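Numbering (this note's numbering), first residue to last: 2 to 224. For reference, the structure is listed below as structure tokens.
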């Protein structure tokens with residue numbers, strides 16, 4: 002069976018968990034704190050990053066969330082997530098890159114550093130200026146999601162795709178860390194609430210970090 006080495010608030014791990022669940026791929030969760038640098042984990046991925054998908058029976062290890070998602074798109078026919086015409090597939094990949102790179106750099110990454118790493122690893126208080134800037138940039142990204150939902154049923158087109166899973170994974174971590182202000186973003190909130198009610202998303206909403214608790218609305222599918 003596949004073993005998914007992941008960290009609960011890693012958005013790239015969350016994206017992969019959503020994809021595997023939507024496709025019905027069985028896997029075991031293995032908790033990994035990347036900052037600990039365990040020898041066994043570094044043997045699987047010398048870069049020390051999550052997620053890592055390992056199958057000891059097949060002697061196979063897959064690295065990088067986008068590469069792993071592409072692998073299962075090619076090998077599992079159920080619930081295709083890079084779908085449609087060639088131009089639509091290009092649009093899906095564009096949005097995946099946008100949320101994996103820009104949203105993470107602007108919003109999720111700074112929130113993780115200030116509200117998780119500083120507390121758990123460095124024992125330092127967060128920088129309020131960095132938090133305000135991340136929340137400001139989050140509004141810009143939600144504005145873009147509002148625009149997309151105004152023109153499409155899903156972010157990349159007529160069907161749910163890897164673009165939606167990627168965006169929802171990033172937003173879920175930012176929301177857990179209190180970095181999302183949903184006011185004025187009814188389209189984004191409606192789209193996200195659909196995800197929160199999906200079976201694949203429920204395990205994410207039920208998990209809690211040891212000393213970091215989410216806001217009260219985090220697991221409410223109607224919020």
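Here a beta-carbon is modelled for each residue, glycine too, at the ideal position from N, C-alpha and C. The structure displayed is predicted, hence computed values, not measured ones.
Is the beta carbon of residue i sitting closer than 8 Å to the one on residue j?
i: residue 138; j: residue 115; result: no
i: residue 7; j: residue 55; result: no
i: residue 196; j: residue 224; result: no
i: residue 53; j: residue 45; result: yes
i: residue 17; j: residue 163; result: no
i: residue 135; j: residue 180; result: yes
i: residue 214; j: residue 147; result: no
i: residue 174; j: residue 109; result: yes
As a quick exercise: from the options, pick the residue whose alpha carbon is nearest that of residue i.
i: residue 121; options: 189, 210, 158 and 69; result: 210
i: residue 124; options: 212, 35, 41 and 218; result: 212
i: residue 159; options: 70, 25, 83 and 108; result: 83
i: residue 142; options: 208, 101 and 161; result: 101
i: residue 96; options: 174, 154 and 149; result: 149
i: residue 151; options: 192, 130 and 127; result: 192
Less than 8 Å between the CB atoms is what I'm expecting for residue i and residue j, so what's the real figure, rounded?
i: residue 10; j: residue 166; result: Not really, about 17 Å apart at Cβ, beyond 8 Å.
i: residue 93; j: residue 157; result: 4 Å
i: residue 51; j: residue 14; result: 5 Å
i: residue 23; j: residue 66; result: With a Cβ gap of about 14 Å, residue 23 and residue 66 do not count as contacting.
i: residue 182; j: residue 140; result: 7 Å
i: residue 29; j: residue 2; result: 6 Å
Looking at the unbroken alpha helix (DSSP H) that takes in residue i, where does it start and where does it end?
i: residue 37; result: Careful: residue 37 lies outside any alpha helix (DSSP H) and carries neither H nor E.
i: residue 89; result: 87 to 98
i: residue 136; result: 129 to 152
i: residue 194; result: 187 to 197
In terms of residue numbering, what span does the beta strand (DSSP E) encompassing residue i cover?
i: residue 6; result: 3 to 7
i: residue 63; result: 61 to 64
i: residue 28; result: 28 to 32
According to DSSP, which residues form a beta bridge with residue i?
i: residue 56; result: 61
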